[in-house]
Amino acid sequence: MDDDRSDTCSPPEPAADAAQEGPPVSLTHELGELTRALLSATTVDGVLERIILAARYLIPAADVVSITLRERDGSFWTPAETDVEAAELDRRQYEAGEGPCMDAADPAGPAYAHSGDLATESAWPVFAREASAHGFASILSTALITVPEPPPFTAAMNIYSRERDALGDSARDTAFILATYASLALAALYRDADTERALNRSEADVGNLRKALDTRTIIGQATGILMARRGLSADEAFEVLVRASQNHNVKLARLAELLARHPDAADRL
35 MDDDRSDTCS
45 PPEPAADAAQ
55 EGPPVSLTHE
65 LGELTRALLS
75 ATTVDGVLER
85 IILAARYLIP
95 AADVVSITLR
105 ERDGSFWTPA
115 ETDVEAAELD
125 RRQYEAGEGP
135 CMDAADPAGP
145 AYAHSGDLAT
155 ESAWPVFARE
165 ASAHGFASIL
175 STALITVPEP
185 PPFTAAMNIY
195 SRERDALGDS
205 ARDTAFILAT
215 YASLALAALY
225 RDADTERALN
235 RSEADVGNLR
245 KALDTRTIIG
255 QATGILMARR
265 GLSADEAFEV
275 LVRASQNHNV
285 KLARLAELLA
295 RHPDAADRL
């Protein structure tokens, strides 16, 4: 890990020229658009989806982005991701019991956790080795500020890049701004009595999909995707889903949701 992680308990200081000139016009415009999008979000799921999409768009080296939530019992899970690879990278950290997303989501952890060269990273050797083997070289996890005290969960936004040393000061500044926007939006949702239930894990886990579709429907969609892409019968496709759910220790409904959102993953099950 870079040496700067030891003093990451506060956000990085902006460069002098950036302080004088202000943020780029394009960033200012996009943050305005993000503000409008967040104001229209009525669920935790909606806020998180908008934030990760903004991160992927605004940070050039961001290949995949996810959100890690840490609950009061210390368990970790991923409620939002731009790609199934992001959820898989998060899961490998949870299983190994180490990783930047876990550090940043820890309420006693740093404001961000960063590595510019996972191939030589020693802070999280198991995760770094697996991430490198899957072609990822850099990681930046930024903590979200959650309320009230004690918060129902703590969280981090995770940005993965296939480029070495790709997530430097500029990426960190942008990630911190986005994390702040997300924190404010989540705080507003929590204080709204009509949307407080969105903080319940079962709702945040599958978001609006579970409200609109029951479990059988989403599993049916995933089964249909497997049948179409791999030429399987309905029974064979369902067996593939069940086996993948067991192998990856992921609930069947959650796996089906991921497959419905990322059909290309059918070729890897």
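Numbering-wise (our numbering), the sequence shown opens with residue 35 and increments by one.
Glycine included, each C-beta is placed from N, C-alpha and C at the ideal position.
Secondary structure of F210, DSSP reduced to three states: Helix at F210.
Identity of the residue in T188, A200 and L293 nearest W111 by Cα: Comparing Cα-Cα distances from W111 to each of T188, A200 and L293, the minimum goes to T188.
Sub-9 Å separation of V99 and A219 beta-carbons: No; because the gap between Cβ atoms is not below 9 Å, this pair is not in contact.
Residues near V118 by beta carbon distance below 7 Å, same chain, minus five either side: L292, H296 and A299.
Distance, G254 Cα to S204 Cα: Roughly 43 Å between the two C-alpha positions.
Close beta carbons around H282, own chain, < 8 Å, minus the five adjacent residues each side: Sequence-distant partners of H282 (beyond 5 residues in either direction) whose C-beta falls short of 8 Å from its own C-beta, in its chain, are R125 and L289.
Test item: CB-CB of N192 and L178 under 9 Å: In this structure, L178 does not lie closer than 9 Å to N192 by Cβ.
F187 (DSSP reduced to helix, strand or coil): Looking at F187 - three-state DSSP - the assignment turns out to be strand.
Cβ-based burial, E164 [other Cβ within 10 Å; buried from 16]: Counting Cβ neighbours within 10 Å, E164 comes out buried, since at least 16 surround it.
Neighbour-count burial assignment, V276, 16 or more Cβ in a 10 Å radius: Counting every other CB atom within 10 Å of its CB across the protein chains shown gives V276 a total below 16, marking it as exposed.
Sequence-distant residues of its chain with Cβ nearer than 6 Å to R302 (five each side left out): Cβ within range, chain order: n/a, list empty.
Beta bridge counterpart(s) of I173 as assigned by DSSP: Paired residues: S149 and Y194.
Three-state secondary structure (DSSP) of R264: Looking at R264 - three-state DSSP - the assignment turns out to be helix.
Of the listed residues G258, L212, A216 and E122, nearest to T77 (C-alpha basis): The shortest Cα separation from T77 among G258, L212, A216 and E122 belongs to A216.
Minimum length 3: unbroken beta strand (DSSP E) runs contained in the region 105-147: Residue ranges of uninterrupted beta strand (DSSP E) with 3 or more members, entirely inside the region 105-147 and ordered along the chain, are 110-115.
Opening and closing residue of the alpha helix (DSSP H) in which E164 lies: That run of the alpha helix (DSSP H) goes P159 to A167.
CA-to-CA distance, P113 to R231, given in whole angstroms: The predicted model places R231 with a pLDDT of 48, which falls under 50 and marks its position as unreliable, so this point remains unresolved.
Limits of the alpha helix (DSSP H) - the one that I85 falls within: Residues V78 to L92.
Nearest-angstrom beta carbon gap, D79 and Y194 [assumed within contact, 8 Å]: Contact flag wrong, Cβ pair sits at about 21 Å.
Close Cβ partners of A5 (< 7 Å) along its chain, the five nearest in sequence each way excluded: What is shown of the chain runs 35 to 303, which leaves residue 5 out entirely.
Proximity of D199 and A171 at Cβ, strictly below 9 Å: With contacts defined as CB atoms closer than 9 Å, D199 and A171 qualify as a contacting pair.
Cα-Cα separation between V274 and L65, rounded to whole angstroms: Rounded to whole angstroms, the separation of the alpha carbons of L65 and V274 is 42 Å.
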